[in-house]
Amino acid sequence: MRFARPTGEAPHTPDQGLPVTGLDGTKTRWAAYASTEDKITFERVPHLDWSAGRDYVLAYAACWVYSEKDQPVVAEMGVDGVGKLWLNRRPAVAEYKASGIWGRQRRAHVHLRAGWNEFLLKVANVKRPCRLCLELYATDGDGPPKGIRITATPP
Numbered sequence: 007m008r009f010a011r012p013t014g015e016a017p018h019t020p021d022q023g024l025p026v027t028g029l030d031g032t033k034t035r036w037a038a039y040a041s042t043e044d045k046i047t048f049e050r051v052p053h054l055d056w057s058a059g060r061d062y063v064l065a066y067a068a069c070w071v072y073s074e075k076d077q078p079v080v081a082e083m084g085v086d087g088v089g090k091l092w093l094n095r096r097p098a099v100a101e102y103k104a105s106g107i108w109g110r111q112r113r114a115h116v117h118l119r120a121g122w123n124e125f126l127l128k129v130a131n132v133k134r135p136c137r138l139c140l141e142l143y144a145t146d147g148d149g150p151p152k153g154i155r156i157t158a159t160p161p
């Protein structure tokens, strides 16, 4: 996953090193990050320097999914705050609010095209912690979709 704290809804492709400015004026850049958990907890991302803690956070994460074929899948998103999900720059999950984080908070049936697909996730949070997760499942519910691979680096 990759992350940033841009202002507003990002109409761009998140590229490594792309400068963004946080709502509080903090400057940062998109950077690759691999979480050791099944979610991203933004306070634990070392190069964001949230050592003093932050409230009122708007954060984005992106990942790219390669699919060997066109196929329907189930995307399940979890956030601690307010979340939104796009697939290939089209809304996949409308904005929703959740308290606490767990997988399968919000489910969307989406279609992966053959080749690369871009997922962009947003979480807005008033109080710490600021977290999100995304899981992909086969439509029959039997594990992950066949013939996919996921990366934090754009193709």
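Quick note: the sequence shown uses this note's numbering, first residue 7, plus one each step. All residues carry an ideal CB built from backbone N, CA and C; glycine is no exception.
Run through DSSP, which three-state label would E101 get?
For the purposes of this step, residue 101 is taken as residue 95 along the sequence shown, with counting starting at 1. The answer is strand: DSSP assigns E101 an E or B state.
If the criterion is Cβ atoms closer than 8 Å, does the pair P150 and L140 meet it?
In the sequence shown, residue 150 corresponds to position 144, counting from 1. In the sequence shown, residue 140 corresponds to position 134, counting from 1. Cβ atoms of P150 and L140: not closer than 8 Å.
Selected residue, minimal CA-CA separation from L118, among D86, A144 and R112
Within the sequence shown, residue 118 is the residue found at index 112, counting from 1. Looking at the Cα atoms, A144 is the closest of the given residues.
Between E49 and P135, how many whole angstroms is the CB-CB distance? I'm expecting something under 8 Å.
Numbered from 1 along the sequence shown, position 43 holds the residue referred to as residue 49. Numbered from 1 along the sequence shown, position 129 holds the residue referred to as residue 135. That belief holds up - the Cβ atoms of E49 and P135 are roughly 6 Å apart, short of 8 Å.
Separation of D86 from V71, as counted between CA atoms
The sequence position of residue 71 within the sequence shown is 65, counting from 1. The sequence position of residue 86 within the sequence shown is 80, counting from 1. The straight-line gap from Cα to Cα measures roughly 23 Å.
Taking the straight line between their C-alpha atoms, what separation do you get for K91 and W122?
Mapped onto the sequence shown, residue 91 falls at position 85. Mapped onto the sequence shown, residue 122 falls at position 116. Per the sequence shown, the amino acid found at residue 91 is Leu instead of Lys. Each residue's alpha carbon lies about 17 Å from the other.
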